[in-house]
Amino acid sequence: LRRALGDTKIKWYPIPVGLGIGFLGLAQLYRINNRENARRREEDLETDGYVYSKGEGENTGRDGRPRRRERIRPTGPWQVQVMSTLPLKAMSRIWGRFNELEIPYYLRVPGFKLYSWIFGVNLSEVAEPDLHVYPNLASFFYRKLKPGARPLDPNQNALLSPADGRVLQFGAIVNGDVEQVKGMTYSLDSLLGTSKSSASANDSSLFSPSEGTPQQSTFTSKENQEEIIKHDEEFANVNGISYTLPNLFSGDSQQKQPVKKSGDASTTPKAASEAEVRADLALGERPWYSSLTRENRTALYYVVVYLAPGDYHRFHSPTAWVAEKRRHFAGELYSVSPYLQRTLPGLFTLNERVVLIGRWRWGFFSYTPVGATNVGSIKINFDRELRTNSLTTDTEADRAAEEAAKRGEPYTGFVEATYDAASPLLHGHALRRGEEMGGFQLG
Amino acid sequence: STIVLVFEAPRGSRPSLDEGWMGEKTKIKGGWNWSVQKGQKVKMGEALGYV
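Chain order of the listed sequences is A and B. Numbered per the numbering used here, the first sequence finishes at 448, counting up by one with no gaps. Numbered per the numbering used here, the second sequence finishes at 109, counting up by one with no gaps.
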């Protein structure tokens with residue numbers, strides 16, 4: 006080796022220019038290909054933590070079959086990469102089942118006291134002083150507080166905190182972007198969905214056949230969609246004027262004004278009514294929330310409240326408002342700890358969440374509980390049909406995506422239900438200030 | 059778990075007229091003000107802000 010190194014004559018040859026150009030060309034092609042793939046992936050990002058790949062024929066693959074949902078692999082530090090490989094929803098469900106196991110009677114008090122010590126639970130506020138009553142951690146986690154433990158702010162013009170927690174971020178929304186912790190932004194459309202829902206979502210509108218009993222609401226399909234229209238026509242007859250849509254009051258892009266009715270509702274063909282409703286639901290050119298800020302006299306604001314594991318996990322209405330519809334995004338269940346919120350961009354738009362959309366005194370109002378790995382189940386008291394973090398909803402989302410693909414329509418990533426029938430006058434479910442709305446449950 | 063509120067509220071602090079959905083005029087006094095700080099712990103029922 007020494008001899009070879011010492012004695013061998015080194016002779017330099019020029020690399021042919023063509024080879025060099027070819028190498029540079031290949032490197033450039035590789036870079037362009039990577040960039041295009043990243044761009045295409047971003048375009049394909051939907052709003053529920055999954056990618057719906059667009060291929061040939063918009064929603065079908067090369068084989069002509071609809072493409073399946075593919076989980077988003079977020080970019081970020083190694084912790085995020087590791088987390089993205091885990092079956093978080095399955096883990097969350099197992100965690101929930103585990104916490105529903107009954108704790109032996111004599112271990113309950115020391116166990117809950119230890120939990121309270123670790124996570125800072127104030128046991129003097131708990132409604133049930135005898136901790137033996139809670140059979141497992143899941144029921145203790147979803148505990149109630151003593152009446153009067155949380156007095157409401159006396160200022161009637163104040164927006165109240167919906168839950169115990171920490172204010173992570175707040176501010177005004179500029180150009181439809183919500184700023185996340187440490188300057189990360191995500192679009193309002195990604196968080197709340199666009200104004201138009203997919204046909205599959207419309208099919209699953211929530212409709213209560215008996216007026217004024219929103220608790221007995223049931224899922225309905227196309228037949229009942231027609232009934233909802235009829236229901237509104239009846240309402241229009243009573244008032245002598247026709248409100249073209251149940252979302253007359255709503256925060257959708259078109260602010261509807263009452264229209265004088267030209268004919269009797271019963272003479273209007275149902276197909277025409279349906280067409281009218283569908284036309285009314287169509288997207289405007291501007292973002293659907295932008296027209297709400299009326300001539301710049303109002304603005305959109307946001308606030309993010311983070312609930313730590315030891316906090317009281319029921320949430321309440323922050324003001325008097327009307328919930329008109331809910332959108333369930335069956336996404337992933339990443340942790341929503343402040344650390345991950347800093348490191349994982351668009352976390353809220355990946356996670357499973359329930360978006361309640363409605364209006365309050367000053368216009369548009371939305372309320373979005375976002376699930377996490379340990380608390381994947383979101384409960385809404387006035388919506389018994391809602392099922393979060395369940396295999397059924399995942400399967401339904403898969404099926405809805407496939408059906409939308411078969412129809413050649415894009416899947417919006419959420420299933421929408423409306424609370425129109427809760428109150429014929431308000432076209433939504435009315436919530437009082439401070440009223441309990443639901444909560445987060447373990448698993 | 060996290061709760062995100064997105065809402066519309068009057069901006070600015072000068073009184074202005076706002077048109078309601080039926081065309082009625084409502085006088086808005088003042089604008090939206092936050093009453094919390096980033097990172098602040100809050101209890102349910104505490105004011106986050108006010109008009």
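We treat Cβ as the ideally placed atom computed from N, Cα and C, and that holds for glycine. The structure displayed is predicted, hence computed values, not measured ones.
Using only alpha-carbon positions, find the residue among A:310, A:34 and A:328 that is nearest to residue 346 (chain A). A:310
Quick check: what's the CA-CA separation for residue 138 (chain A) versus residue 111 (chain A)? Approximately 11 Å, taken between the alpha carbons.
Considering only their Cβ atoms, is the gap separating residue 327 (chain A) from residue 364 (chain A) smaller than 8 Å? Taking C-beta atoms as the reference points, residue 364 (chain A) and residue 327 (chain A) count as a pair closer than 8 Å.
Reduced DSSP secondary structure (H/G/I, E/B, other) of residue 380 (chain A): coil
Give the secondary structure of residue 442 (chain A) by DSSP, where H, G and I count as helix, E and B as strand, and everything else as coil. strand
Where residue 108 (chain B) and residue 61 (chain B) are concerned, what is the direct C-alpha to C-alpha distance, given to the nearest angstrom? 18 Å
Residues within the segment 147 to 161 of chain A neighbouring chain B, beta-carbon criterion of under 8 Å: Residues of the segment 147 to 161 of chain A with a Cβ closer than 8 Å to any Cβ of chain B, in chain order: 155, 156, 157, 158 and 160.
What residues in the segment 407 to 440 of chain A have a beta carbon less than 8 Å from any beta carbon of chain B? 439
Against chain B, with Cβ distances strictly below 8 Å, would residue 170 (chain A) count as a contact? yes
Beta strand (DSSP E) segment containing residue 334 (chain A), residue limits: 326 to 334
Could you give the first and the last residue of the continuous beta strand (DSSP E) run that contains residue 67 (chain B)? 60 to 68
Excluding the 5 residues preceding and the 5 following residue 102 (chain A) in the sequence, name in chain order all residues of the same chain whose CB lies nearer than 8 Å to its CB. 448
Assign residue 371 (chain A) to one of three DSSP states: helix, strand, or coil. strand
Report the option in A:90, A:132 and A:421 whose CA atom is closest to the CA atom of residue 148 (chain A). A:132
May I have a chain-ordered list of the alpha helix (DSSP H) segments no shorter than 4 residues that lie completely inside the segment 76 to 137 of chain A? DSSP runs (the alpha helix (DSSP H)) wholly in the segment 76 to 137 of chain A: 83 to 90, 93 to 104 and 110 to 124.
Own chain partners of residue 106 (chain B) with C-beta closer than 6 Å, once the 5 adjacent residues on each side are dropped: 94
Using only alpha-carbon positions, find the residue among A:146, A:118, A:426 and A:87 that is nearest to residue 349 (chain A). A:87
CB contact below 8 Å: residue 302 (chain A) versus chain B: yes
Under a three-way DSSP split, which group does residue 402 (chain A) fall into? helix
Excluding five sequence neighbours on each side, which residues of the same chain lie with their C-beta closer than 7 Å to the C-beta of residue 344 (chain A)? none
Inter-residue spacing [alpha-carbon to alpha-carbon] between residue 330 (chain A) and residue 420 (chain A): 10 Å
Taking all protein chains shown into account, do 16 or more other C-beta atoms lie within 10 angstroms of the C-beta of residue 135 (chain A), making it buried, or fewer, making it exposed? exposed
On the criterion of 16 or more Cβ atoms from any shown chain inside 10 Å, does residue 161 (chain A) qualify as buried, or is it exposed? exposed
Taking all protein chains shown into account, do 16 or more other C-beta atoms lie within 10 angstroms of the C-beta of residue 4 (chain A), making it buried, or fewer, making it exposed? Chain A is shown from 6 up to 448; residue 4 (chain A) falls before or after that span and cannot be answered.
Rounded separation between residue 24 (chain A) and residue 11 (chain A) - CA only: 30 Å
Using the Cα positions of residue 126 (chain A) and residue 316 (chain A), report the straight-line distance between them to the nearest angstrom. When rounded, the distance between both Cα atoms is 7 Å.
C-beta atoms of residue 66 (chain B) and residue 369 (chain A) nearer than 8 Å: yes
Can you tell me which of the three DSSP states residue 146 (chain A) falls into? Collapsing the DSSP output to three states places residue 146 (chain A) in a helix.
Less than 7 Å between C-beta atoms, sequence neighbours within five positions excluded: which residues of the same chain meet that for residue 90 (chain B)? If you ignore the 5 residues before and after residue 90 (chain B), its C-beta comes within less than 7 Å of the C-beta of 67, 68, 69, 107 and 109, all in its own chain and listed in chain order.
Based on DSSP bridge pairs, tell me the residues matched to residue 36 (chain A). Within the DSSP secondary-structure output, residue 36 (chain A) pairs in no beta bridge.
Below-8 Å beta-carbon distance, residue 321 (chain A) vs any chain B residue: Interface residue, yes.
Closer than 8 Å to chain B by CB, residue 309 (chain A): yes
Using the DSSP secondary-structure output, state which residues sit across from residue 6 (chain A) in a beta bridge. Partner(s): none; residue 6 (chain A) has no beta bridge.
For residue 325 (chain A) and residue 437 (chain A), believed in contact at Cβ under 8 Å, the rounded distance: 6 Å
Just to confirm my understanding: we take residue 121 (chain A), look at its own chain, exclude 5 residues before and 5 after, and list those with CB closer than 6 Å. What are they? Take residue 121 (chain A), set aside five residues on each side of it, and the residues of its chain with a beta-carbon closer than 6 Å to its own are 128, in chain order.
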